[in-house]
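In full-length UniProt numbering, the protein residues as written are 1 to 108.
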């Protein structure tokens, strides 16, 4: 997979409480791209300030493969910003802890 510019609609902003899970990062979807669950492709948004957002346009930097689920999650951030796989796993651990996951970094 290559780096793409993506427009993300955020439906779970920072601080969102979903059945007792508080989202520490913005989370949303890419309209028009269907994920493994038959719904819009899910996306974690990683930014420096982690302010609640309604939408975000950024760069795809990684794909989180859930080995025990039908879904993959995309990781999008500000243009030119990079994170290591450890950084990403730390930021998404609030959900990733429930799945066997690997992270595939997207190449330039």
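Glycine is no exception: its CB is placed at the ideal position from the N, C-alpha and C atoms.
{"Query": "Residue 84 (DSSP reduced to helix, strand or coil)", "Result": "coil"}
{"Query": "Any non-hydrogen atom of the ligand GDP closer than 6 Å to residue 24 Cβ", "Result": "This structure lacks the ligand GDP; in fact it carries no ligand of any kind."}
{"Query": "Where residue 56 sits in the DSSP three-state scheme", "Result": "strand"}
{"Query": "Cβ distance (whole Å) where residue 61 is taken to contact residue 105 below 8 Å", "Result": "7 Å"}
{"Query": "Cβ-Cβ separation, residue 47 to residue 77 (assumed contact under 8 Å), whole Å", "Result": "7 Å"}
{"Query": "Neighbourhood of residue 83 by C-beta, 8 Å cutoff - its chain only, sequence neighbours within 5 removed", "Result": "46, 61, 62, 75, 77, 91"}
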